[in-house]
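Worksheet for the structure shown next.
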Amino acid sequence: MRRVLVTAIVLAASVPLAAQSLRRTPVVQVVERVRPAVVNLTARQVVTVHRRSLFDDLFPEFGSPGSEVYTSLSLGSGVLISPDGVIVTNEHVIEGAAEIKVRFADGKSVDAEVIGSDADADLAMLRVPAKGRPYLPLAEQDDAMIGETVIAIGNPLGLENTVTVGVLSARDRTVTSPSTRRVYTDFLQTDASINPGNSGGALVDLDGRLVGINTAIIGDAQGIGFAIPAKRVRRVVNDLLRYGHVQAAWLGIFVKARGETSRRARGENEGVEVADVFPESPAAAAGLSRGAALQAGNGRPITGRDDYATLLAQLAPGDRVTLEVTERSSSRVVALRATRPPADLGEQVLLRYVGVKLATRGKRVVISRVVPGSRADEAGLSAGDAVLQVNGEGVGNVEDVNRIIGREHTRSSVMLVIGRGPFAYQLPFPMSP
4 MRRVLVTAIV LAASVPLAAQ SLRRTPVVQV VERVRPAVVN LTARQVVTVH RRSLFDDLFP
64 EFGSPGSEVY TSLSLGSGVL ISPDGVIVTN EHVIEGAAEI KVRFADGKSV DAEVIGSDAD
124 ADLAMLRVPA KGRPYLPLAE QDDAMIGETV IAIGNPLGLE NTVTVGVLSA RDRTVTSPST
184 RRVYTDFLQT DASINPGNSG GALVDLDGRL VGINTAIIGD AQGIGFAIPA KRVRRVVNDL
244 LRYGHVQAAW LGIFVKARGE TSRRARGENE GVEVADVFPE SPAAAAGLSR GAALQAGNGR
304 PITGRDDYAT LLAQLAPGDR VTLEVTERSS SRVVALRATR PPADLGEQVL LRYVGVKLAT
364 RGKRVVISRV VPGSRADEAG LSAGDAVLQV NGEGVGNVED VNRIIGREHT RSSVMLVIGR
424 GPFAYQLPFP MSP
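Quick note on the working numbering: the sequence shown kicks off at 4 and runs consecutively.
Listed below in structure tokens is the structure:
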């Protein structure tokens with residue numbers, strides 16, 4: 004027995020060093036390098052609820068006023084992306100938070116301040132003191148490969164700095180946010196486990212590049228996780244840092260779904276149809292006209308309105324875009340340069356497509372004129388009616404209307420809440436002729 008033991012020790016000692024380090028796989032090496040840049044977030048929300056009882060409802064004059072304050076905590080993840088303490092996370096992780104705590108991998112906790120957020124992109128930016136801490140910049144190139152190994156790092160279900168590994172299952176996935184109902188068509192899909200609490204964490208490749216920000220957008224998914232691609236994140240981050248909000252890109256095109264019968268008769272792809280081209284816009288300068296079909300943008304197919312909205316969401320004012328266009332059975336490629344939407348785009352849209360002219364009176368937006376025979380006229384609107392909301396947001400002046408519609412001009416319709424006397428009416432109107 005003693006001789007066997009001595010032989011085993013000698014054999015173990017003779018194993019080459021390279022063979023002993025096989026456990027240090029590329030995944031292990033990447034995790035060791037990037038994990039310190041992933042942080043855990045705890046957001047504290049404070050909700051005040053006014054106490055009411057059946058007695059209060061029946062006898063309000065005798066009810067005692069009062070309220071109760073409730074505190075709730077939500078957990079999430081974030082990624083430190085710069086040496087000056089900028090952290091990227093999901094907007095839904097910190098929504099409504101009165102206090103946000105950031106916990107680093109070494110156990111130290113600090114308070115964070117919100118420096119910008121965009122609900123449409125479900126992204127938010129925080130800032131913390133982070134001098135000398137490791138950070139993980141966003142990948143510069145949008146070249147993730149289907150089937151390559153990816154690593155998700157985050158705080159799922161409160162389990163700090165959890166690492167899961169999988170492959171990139173697909174690119175350009177269409178996903179609907181359950182909270183905002185916004186449709187995204189450019190998400191990365193992975194089978195690396197992404198659970199509640201992973202939201203805002205890092206998705207990295209074997210080169211250690213930050214290729215996406217994880218989001219647990221489908222709560223009951225099994226083996227299916229999604230991440231916002233670095234290209235979209237970088238666009239939002241740059242705008243939030245520079246302007247404090249995301250700058251909408253404007254081409255001057257309003258689109259609609261194409262009729263299936265006419266499309267098949269022409270033997271064309273689905274695409275979207277140009278419903279209108281605004282005068283003096285980039286599209287007008289390029290010679291685009293109503294009725295043309297957009298087949299692709301920047302080399303990616305456009306199969307519907309969501310694809311076109313995603314294309315614009317990835318553009319910043321000043322960016323160039325190429326569109327593959329079909330007109331009268333002939334195809335051509337059109338090069339445009341995106342600009343900012345006109346400052347009065349909301350007013351123009353409502354006058355052009357709805358038939359109302361707006362004015363600010365005090366702290367209210369009112370209809371000053373209704374175009375005869377317009378959609379507004381058919382709906383029974385009249386001068387003096389108040390515009391209370393646009394697309395679910397309250398408005399107090401015409402500038403609010405311009406801001407909302409300028410940001411959401413890719414929608415198929417605009418929803419107005421009209422006030423008349425003590426009543427309010429919700430009225431949808433198409434964003435096309």
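We put the beta carbon where it would ideally sit given N, CA and C, even for glycine.
Outcome for residue i when other beta-carbon atoms lying within 10 angstroms are tallied against a minimum of 16
i	result
residue 432	buried
residue 133	buried
residue 242	buried
residue 250	buried
residue 202	buried
residue 83	buried
residue 427	exposed
residue 25	exposed
residue 187	buried
residue 97	buried
residue 148	exposed
residue 246	exposed
residue 282	exposed
residue 358	buried
residue 265	Low local confidence applies: a pLDDT of 49 at residue 265 is under 50, so the model's placement there is unreliable, with the coordinate-based value given in what follows. So residue 265 counts as exposed.
residue 237	buried
residue 349	buried
residue 125	buried
residue 31	exposed
residue 385	exposed
residue 285	buried
residue 344	buried
residue 12	Per-residue confidence for residue 12 stands at a pLDDT of 43, beneath the threshold of 50, marking its modelled position as unreliable; no derived number is given.
residue 258	buried
residue 144	exposed
residue 419	buried
residue 292	exposed
residue 267	The predicted position of residue 267 is uncertain, since its pLDDT is 47 and thus under 50; no value can be drawn from it.
residue 429	exposed
residue 159	buried
residue 244	exposed
residue 171	buried
residue 336	exposed
residue 413	buried
residue 341	buried
residue 276	buried
Element boundaries [alpha helix (DSSP H), containing residue i]
i	result
residue 179	Careful: residue 179 lies outside any alpha helix (DSSP H), inside the beta strand (DSSP E) at 165–179.
residue 306	Segment: none, residue 306 is in no alpha helix (DSSP H) and carries neither H nor E.
residue 234	233–246
residue 249	No alpha helix (DSSP H) holds residue 249; DSSP gives it neither H nor E.
residue 319	Where residue 319 is concerned, there is no enclosing alpha helix (DSSP H), given that its DSSP letter is neither H nor E.
residue 287	285–288
residue 29	29–37
Start-to-end residues for the beta strand (DSSP E) that takes in residue i
i	result
residue 362	359–364
residue 431	426–433
residue 278	275–280
residue 296	296–300
residue 192	186–193
residue 197	Here residue 197 belongs to no beta strand (DSSP E), and DSSP marks it neither H nor E.
residue 213	213–218
Short Cβ contact (9 Å threshold) for residue i with residue j
i	j	result
residue 116	residue 106	no
residue 204	residue 255	no
residue 296	residue 329	yes
residue 400	residue 417	no
residue 173	residue 206	no
residue 217	residue 155	yes
residue 78	residue 199	yes
residue 81	residue 33	no
residue 323	residue 299	no
residue 196	residue 228	yes
residue 373	residue 360	yes
residue 305	residue 318	no
residue 303	residue 309	no
residue 435	residue 279	yes
residue 208	residue 190	no
residue 363	residue 402	yes
Any non-hydrogen atom of the ligand GTP within 8 Å of residue i CB
i	result
residue 360	With respect to the ligand GTP, the structure shown offers nothing to examine, as it has no ligands at all.
Short CB-CB distance (under 9 Å) between residue i and chain B
i	result
residue 201	Here chain B cannot be found, since the structure has a single protein chain.
Check: Are three or more beta carbon pairs between the region 93–103 and the region 149–167 nearer than 8 Å?
Finding: no
Item checked: At least three beta-carbon pairs within less than 8 Å, the region 134–145 to the region 77–89 -> yes
Checklist line | Secondary structure, beta strand (DSSP E): runs of 3+ residues fully inside the region 340–415 | finding: 359–364, 367–373 and 389–393
Next item on the list: Scan the region 73–130 and note each continuous alpha helix (DSSP H) run of 4 residues or more that stays entirely inside, going in chain order.
Entry: 94–97
Notebook entry, point to check: Within the chosen definition, does the region 382–394 reach the region 352–370 through at least 3 CB pairs nearer than 8 Å?
Noted result: yes
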